[in-house]
Each structure stands twice: as structure tokens, then as C-alpha cells.
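Student: Supplied in C-alpha cells, the structure appears directly below.
Numbering (the working numbering), first residue to last: 12 to 162.
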């Protein structure tokens, strides 16, 4: 099963500590699929909400307009809410866990498997400033180690 990563939410992974991840399908229109497969998607600032009918929606995810289909997409909205597809059991688990204080659901990556576009979503807890500083220190130390090993 080859997994081709299209985009990752680096800002989300830096600001949140991932507790549990899920793989979800995403409902897109035809031109949106072409645009996503071309890498024209941004997860920066996006998050997942659960509505009253126990459906998951991806909010603030920007998918750029597909250039060859401009005349077909007259009233295209690049940041419209996109429905996420998960099993009922997983949705119920997410609903229960997300009600705990301080937990949120964020998308971490968009990728393709066997031609299908999938989104990794994570149940996450916000990091404090101290945790963020530690992450930066660890990243810098790893970078220094790689540099010294290169020489």
C-alpha cells in the first residue's frame, strides 16, 4: 500500500500534542480532486468540527481553484466546509473523547492511497509555551547532530 503525502499540517503538529490519529475519507468535487492531487491544498489553521447529526466537517482547509476548470467553477468557494468520512464507531469515539477539556480535532496530513484522497485527523491537546520551547530545542539539537555527522 503506497502512501503519497500531498500536504502536512506542520503548524498544527507544532502547536498540538497528538494523542490519537484516525484515517478519514473526504468528500470533494471533481475539480477539487484534481487540485488536491496537484498539491494545491493548505491545512494551515484548519480544524475539524462535529455537527448535530454526528458528521465530521473539515473547516478552514483551503483548496485552490483548478485552473483548467475555471469556467465550470463560476461560484467556487476555496474554503468551504468539506465532509469527512469515518466509521460510526470511530465518530462516536471521537465525540466522547473531544468533549474532554482541552482536546480538539485537527487534520495532520493529506495523502493518496490507491488513487483515493485521505486525511489523517488527530485528537490533540494544545501545547504550552514551555512545551513549544522544548520542541524547538530538540529540533535544533537534532539538526546539529545531523550536521556533525555529515562532516
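Where is the CB? At the ideal position from N, CA and C, for every residue including glycine. Because the structure is a prediction, the values reported are computed rather than measured.
Please state the DSSP three-state secondary structure of residue 142.
Tutor: In this structure, residue 142 counts as helix in the three-state DSSP scheme.
Student: Rank 30, 26, 66, 43 by C-alpha distance to the C-alpha of residue 99 and give the top, closest one.
Tutor: Nearest option by C-alpha distance: 66.
Student: Which residue comes first and which comes last in the beta strand (DSSP E) that contains residue 118?
Tutor: Where residue 118 is concerned, the enclosing beta strand (DSSP E) stretches over 114-124.
Student: Take the Cβ of residue 118 as the centre, count every other Cβ of all protein chains shown within 10 Å, and call the residue buried at 16 or more, exposed below.
Tutor: Classification for residue 118: buried.
Student: What do you get for residue 211, buried or exposed, if any count of 16 or more other CB atoms within 10 angstroms of its CB means buried?
Tutor: Summary: the structure shown does not reach residue 211, with the chain confined to residues 12 through 162, and so no result is reported for it.
Student: Sort 144, 57, 142, 137 by Cα distance to residue 30 and report the nearest one.
Tutor: Taking only the C-alpha atoms, the option nearest residue 30 is 137.
Student: When the distance is taken between beta carbons, is residue 74 closer than 9 Å to residue 47?
Tutor: Cβ atoms of residue 47 and residue 74: closer than 9 Å.
Student: Quick check: the Cα distance between residue 69 and residue 162, rounded to an integer number of angstroms?
Tutor: Residue 69 and residue 162: Cα-Cα distance of roughly 44 Å.
Student: State buried or exposed for residue 170, treating a residue as buried only when at least 16 other CB atoms are found within 10 Å of its CB.
Tutor: The question about residue 170 has no answer here: the residues shown for the chain are numbered 12 through 162.
Student: Near residue 19, which residues of its chain fall below 6 Å by C-beta distance, leaving aside the five closest residues on each side in sequence?
Tutor: These residues qualify, in order along the chain: 120.
Student: Using beta-carbon positions only, say whether residue 27 and residue 49 come within less than 9 Å of one another.
Tutor: No, the Cβ-Cβ distance between residue 27 and residue 49 is not below 9 Å.
Student: Could you round the C-beta distance between residue 116 and residue 132 to whole angstroms and report it? I think they count as a contact, below 8 Å.
Tutor: Right, their Cβ atoms sit about 6 Å apart.
Student: From 92, 103, 149, 110, pick the residue whose C-alpha is nearest to that of residue 25; which is it?
Tutor: Nearest option by C-alpha distance: 149.
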